[in-house]
Amino acid sequence: MLQKPKDLRGYTKQEILEICKERKIHIRKFWKAFGVNTVLLAEDNTARYYVCDVEAALYELKNKDGKFHLWD
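Numbering (this note's numbering), first residue to last: 75 to 146.
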C-alpha cells in the first residue's frame, strides 16, 4: 500500500524517490508518467506533489498501488 505523505499537502521529492525505489521504478519513467502537473510550493521553497497526481502516475506505470483520479 502506498504510504501517506508526511505533509498532508503532498509528497516531497525525497518521498517520491523512496516510493520509486521500493517499487523498483526508474525515476525517469516515473517523471515521464507524472507529466506536467501543478505542485504546491511550501514555506521552505520545496515542492509538494499532490497525492492524486502521484497515484495517477503509478497507475499509468501499472503499479498496483496507483489509483486513477480524474480531477483535471
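Heads up, the beta-carbon is just placed ideally off N, CA and C, and yes, glycines get one too.
Same chain only: Cβ atoms within 7 Å of P79, ignoring 5 sequence neighbours per side: Residues of the same chain with a CB within less than 7 Å of the CB of P79, apart from the 5 flanking positions on each side, are Y85, E89 and V125 in chain order.
My output table needs one value for D127: the three-state DSSP class, helix, strand or coil. helix
I need the DSSP call for A116, collapsed to helix, strand or coil. coil
Going by the beta-carbon positions, is the gap between K103 and L135 smaller than 8 Å? yes
Over what stretch of residues does the alpha helix (DSSP H) that includes K80 continue unbroken? Here K80 belongs to no alpha helix (DSSP H), and DSSP marks it neither H nor E.
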